[in-house]
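Residue numbers (our numbering), protein chains in the order written: chain R, 40 to 301; chain V, 40 to 301; chain C, 40 to 301. To keep things clear, I will list the structure first and then write my remarks on it.
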Amino acid sequence: MPSDLLSPAHIAQSLHSFRTRSPLVHCMTNDVVQTFTANVLLALGASPAMVIDPDEAAEFAAVADALLINVGTLTTDRAVSMQAAIDSAVKAGKPWTLDPVAVGALSLRTRFCLQHMSQQPAAIRGNASEIMALAGMSRGGRGVDTTDTAAAAVPAAQKLAQQSGAIVAVTGETDYVTDGERTLAVAGGSPLMTRVVGTGCALSAVVAAFCALPGDRVVNVASACGVMKQAGEIAARNGNGPGAFEPAFLDALYALSGEAQK
Amino acid sequence: MPSDLLSPAHIAQSLHSFRTRSPLVHCMTNDVVQTFTANVLLALGASPAMVIDPDEAAEFAAVADALLINVGTLTTDRAVSMQAAIDSAVKAGKPWTLDPVAVGALSLRTRFCLQHMSQQPAAIRGNASEIMALAGMSRGGRGVDTTDTAAAAVPAAQKLAQQSGAIVAVTGETDYVTDGERTLAVAGGSPLMTRVVGTGCALSAVVAAFCALPGDRVVNVASACGVMKQAGEIAARNGNGPGAFEPAFLDALYALSGEAQK
Amino acid sequence: MPSDLLSPAHIAQSLHSFRTRSPLVHCMTNDVVQTFTANVLLALGASPAMVIDPDEAAEFAAVADALLINVGTLTTDRAVSMQAAIDSAVKAGKPWTLDPVAVGALSLRTRFCLQHMSQQPAAIRGNASEIMALAGMSRGGRGVDTTDTAAAAVPAAQKLAQQSGAIVAVTGETDYVTDGERTLAVAGGSPLMTRVVGTGCALSAVVAAFCALPGDRVVNVASACGVMKQAGEIAARNGNGPGAFEPAFLDALYALSGEAQK
């Protein structure tokens with residue numbers, strides 16, 4: 040199955056739709072990336088909120104426009120809250136997105152992710168090792184890092200999309216986004232993005248937010264990937280290293296989103 | 040009830056008092072803003088510490104100069120620890136400040152905040168929707184964002200101050216600080232502050248710290264608001280977007296506090 | 040016992056060994072410094088991962104190259120997970136490093152740290168008050184800050200090293216690293232490092248990572264301290280205050296590690 044390249048015009052159109060809606064995004068994510076995730080969504084003009092008590096998570100998932108579930112620092116308590124939020128989102132017809140951090144290698148998160156594959160995730164975003172592990176085609180990467188290329192994981196992504204009904208994004212030097220039939224490729228970005236914690240996790244939050252948009256979800260999820268790659272390229276031009284990269288990346292997102300023109 | 044504008048001279052005087060004392064501030068805050076909150080207090084010359092085990096929280100609240108309670112990512116476990124810290128602070132005569140994030144819309148935090156209104160908070164800092172919800176005059180905002188202007192919430196702030204005995208700060212484009220009788224207005228700031236996560240939460244930590252100062256608490260709390268607005272204006276001048284804004288904001292606080300001159 | 044000054048050649052040699060190995064570091068650290076800790080390790084070319092569920096923590100500690108235990112926001116739940124990780128690391132022959140934040144003053148963390156002294160920590164990194172408290176020679180500092188100089192704590196560090204078998208680093212204006220016999224002094228750094236949250240905690244993570252290197256562990260731990268002091272000096276030159284310091288510090292680590300030349 041060959042893939043098509045996502046066009047800049049598609050990205051611009053999805054971004055326009057995004058900033059007119061300013062989605063309210065319920066982020067249940069890991070302890071390491073909460074601040075960066077919130078700042079990425081704010082720079083793009085969305086409204087992030089992190090709510091984690093089981094009862095409150097259920098209440099909030101029903102009113103938010105989208106839900107992100109990231110298992111990076113999963114605990115049994117947090118799994119209960121995430122379960123409540125997913126149930127509530129599904130019942131209310133709100134899209135939820137899974138970031139299966141380090142799935143395959145560690146037991147609690149692997150059980151949790153596999154259990155929730157039947158609950159109609161709107162999207163799944165992971166690196167090659169994670170997507171291959173979730174598709175049952177490998178045992179995971181090295182810690183939170185992948186040991187495979189994204190291109191090598193495209194068949195696994197397509198299989199996972201067909202099994203789960205989700206749009207699957209497998210990201211790396213090039214990102215691939217698929218519904219199991221059609222596959223879009225997203226080029227660009229910067230190697231510096233792998234030296235700043237949370238760029239992948241924040242991308243999953245952006246994917247979750249773009250799932251709240253109307254229209255073609257494969258294109259919307261690929262556009263989320265495209266926005267992050269464009270901002271990464273701009274930020275790498277301005278930055279000397281990963282320290283200067285991070286504020287430059289947020290400013291690039293802010294400029295791309297049109298927030299700077301307001 | 041008309042409000043008076045806080046003068047720059049008041050802000051300078053409170054800041055001088057602040058930096059000669061370097062208050063030790065016990066911050067029990069949400070998972071998203073811990074780092075930024077600590078960095079804001081450090082830039083101003085205070086000593087922040089986050090302690091969350093119930094026994095340790097009680098021990099530390101008794102020796103710290105001030106306590107911050109922020110319910111942004113409240114859980115039932117954390118509520119127990121916060122309760123222990125508040126009890127200990129009250130017993131030791133130390134001021135505690137409440138940031139009622141998203142109160143009204145979500146159940147656990149609403150119960151928690153209402154329960155602790157009788158425990159003599161020194162200050163309460165929130166956006167318009169939060170202050171109106173806590174005063175029983177609305178049902179809360181959109182996620183963590185307000186759906187009302189601060190000016191519209193001044194009557195609610197005054198009512199809440201009278202009920203609780205706390206100094207109430209309702210913040211927005213202009214901040215209003217009241218003890219229920221006198222109301223001070225604090226102008227300035229930058230819209231970019233709403234695109235960086237934690238500026239409101241960090242302001243609550245600064246309010247908590249300024250409650251450790253001697254003298255007129257309405258003026259001290261308003262000065263805390265004024266310092267943050269001044270730094271926001273300076274940072275917005277230097278910054279291109281929310282990314283560059285954050286380090287520029289910390290540097291502005293550091294310069295305002297006189298730390299740069301040491 | 041006099042101390043020798045660590046040479047820049049030693050630091051360069053340890054850094055070279057570090058970047059050819061890119062250690063996988065299991066960080067169990069406090070809620071406030073997770074992002075900065077991860078970014079410091081990434082800038083140096085290591086692979087950090089935070090895993091906190093007890094079962095997963097045991098699984099991951101056995102495969103990671105090094106383990107960091109930081110008790111800054113310890114809870115009884117987290118203590119159980121840390122115990123599982125330490126047991127697993129010891130069994131697998133992997134080095135673990137303790138950062139005894141605010142030990143002495145607060146009860147849960149004091150019991151936890153003292154209990155684990157018998158489990159062969161590879162290294163212990165703390166400020167003067169913490170090292171003195173852990174050696175039984177004082178009752179701790181002011182919150183998370185020290186009330187003694189590092190030089191005054193050298194005898195306590197030497198005693199603690201002899202008792203525990205760990206390399207002990209007591210850090211401050213000058214850092215001292217000792218195995219109880221030999222003591223190396225590491226000069227440099229910048230006072231701005233005390234105005235950015237997590238520089239000490241991130242140093243402990245770097246110490247943990249350098250414990251994964253072959254060779255003389257006293258020199259390796261002192262080199263970890265030396266790298267951070269060198270980066271601090273470079274960043275203070277470029278920065279206006281603590282805000283600009285942080286990205287400049289990460290960029291300096293990235294440049295020192297040779298990552299920028301790749």
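Just so you know, even glycine gets a beta-carbon here, dropped at the ideal spot from N, CA and C. Just so you know, these numbers come straight off a predicted model, no measurement behind them.
In the DSSP assignment, residue 65 of chain R falls within the unbroken beta strand (DSSP E) covering 63-67. For the pair residue 260 of chain V and residue 208 of chain V, the CB atoms are nearer than the 7 angstroms cut-off. With fewer than 16 other Cβ atoms inside 10 Å of its own Cβ, residue 154 of chain R counts as exposed.
The beta carbon of residue 271 of chain R sits closer than 6 angstroms to those of 228, 229, 232, all from its chain and outside the five residues before and after it, given in chain order. Taking a Cβ-Cβ cut-off of 9 angstroms, residue 276 of chain R has no neighbours in chain C, whose nearest Cβ is about 15 angstroms from it. When C-beta distances to chain V are compared with 9 angstroms, the residues of the stretch 286-299 of chain R below that value are 286, 287, 288, 289, 290, 291, 292, 293, 294, 298, 299, in chain order. Per DSSP, the beta bridge partners of residue 109 of chain C are C/138. The beta carbon of residue 146 of chain C falls within 7 angstroms of a beta carbon belonging to chain V, placing the residue at that interface. When R/77, R/70, R/80, R/78 are compared, the shortest CA-CA separation from residue 76 of chain C is found for R/70.
The stretch 213-223 of chain R makes no contact with the stretch 140-147 of chain R, as fewer than three CB pairs between them are under 8 angstroms. Look at residue 245 of chain V here: in three-state DSSP terms it is helix. With a threshold of 7 angstroms between beta carbons, residue 59 of chain C makes no contact with chain R. For chain R, the residues of the stretch 179-192 of chain V that bring a beta carbon within less than 7 angstroms of one of its beta carbons are 181, 182, 183, 184, in chain order.
Chain order gives the chain V residues near residue 82 of chain R as 234, 280, 281, 282, where near means a beta carbon separation below 8 angstroms. Exposure of residue 212 of chain V is indicated by the presence of fewer than 16 other C-beta atoms within 10 angstroms of its C-beta. Three or more beta-carbon pairs separated by less than 8 angstroms link the stretch 149-168 of chain V to the stretch 242-262 of chain V, which places the two stretches in contact. Counting only unbroken stretches of 4 or more residues, the alpha helix (DSSP H) elements lying wholly within the stretch 122-174 of chain R are 146-154, 167-173, in sequence order.
Taking 7 angstroms as the threshold, the shortest C-beta distance from residue 78 of chain C to chain R falls below it. Under the DSSP assignment, residue 86 of chain C falls in the beta strand (DSSP E) whose first and last residues are 86-88.
The beta carbon of residue 101 of chain V lies closer than 8 angstroms to those of 127, 128, 130, 131, 133 in the same chain, with the five residues before and after it left out. Note: residue 235 of chain V is not bridge-paired with any residue in the DSSP secondary-structure output.
For the alpha helix (DSSP H) assignment, the uninterrupted runs of no fewer than 4 residues enclosed by the stretch 270-301 of chain V are, from N- to C-terminal side, 281-295. Residue R/96 holds the alpha-carbon nearest to the alpha-carbon of residue 107 of chain R among R/48, R/179, R/96, R/268.
When DSSP reads this structure, residue 181 of chain R sits in a beta bridge with R/184. Chain order gives the chain V residues near residue 70 of chain C as 70, 73, 89, where near means a beta carbon separation below 7 angstroms.
Residues of chain C with a Cβ closer than 7 angstroms to the Cβ of residue 113 of chain R are, in chain order, 92. Excluding the 5 residues flanking it on each side, residue 171 of chain V has same chain C-beta neighbours closer than 6 angstroms at 177, 192, 195, in chain order. Scanning chain R for C-beta atoms nearer than 8 angstroms to the C-beta of residue 141 of chain V yields 88, 90, reported in chain order.
Between the stretch 80-93 of chain R and the stretch 116-124 of chain R, the count of C-beta pairs closer than 8 angstroms reaches three or more; the two stretches touch. Fewer than three beta-carbon pairs drawn from the stretch 49-61 of chain V and the stretch 285-296 of chain R are found closer than 8 angstroms, and the two stretches are therefore not classed as touching. The C-beta distance from residue 66 of chain C to residue 110 of chain C rounds to 13 angstroms, too long to fall under 8 angstroms, and the pair is not in contact. Residue 98 of chain C has a beta carbon lying within less than 7 angstroms of a beta carbon in chain R.
Listed along chain C, the residues sitting closer than 9 angstroms to residue 103 of chain V by beta-carbon distance are 182.
Here the alpha carbons of residue 188 of chain V and residue 269 of chain C stand approximately 48 angstroms from one another.
Where residue 50 of chain C is concerned, the enclosing alpha helix (DSSP H) starts and stops at 47-60. One alpha carbon belongs to residue 146 of chain R, the other to residue 199 of chain R, and they sit about 20 angstroms apart.
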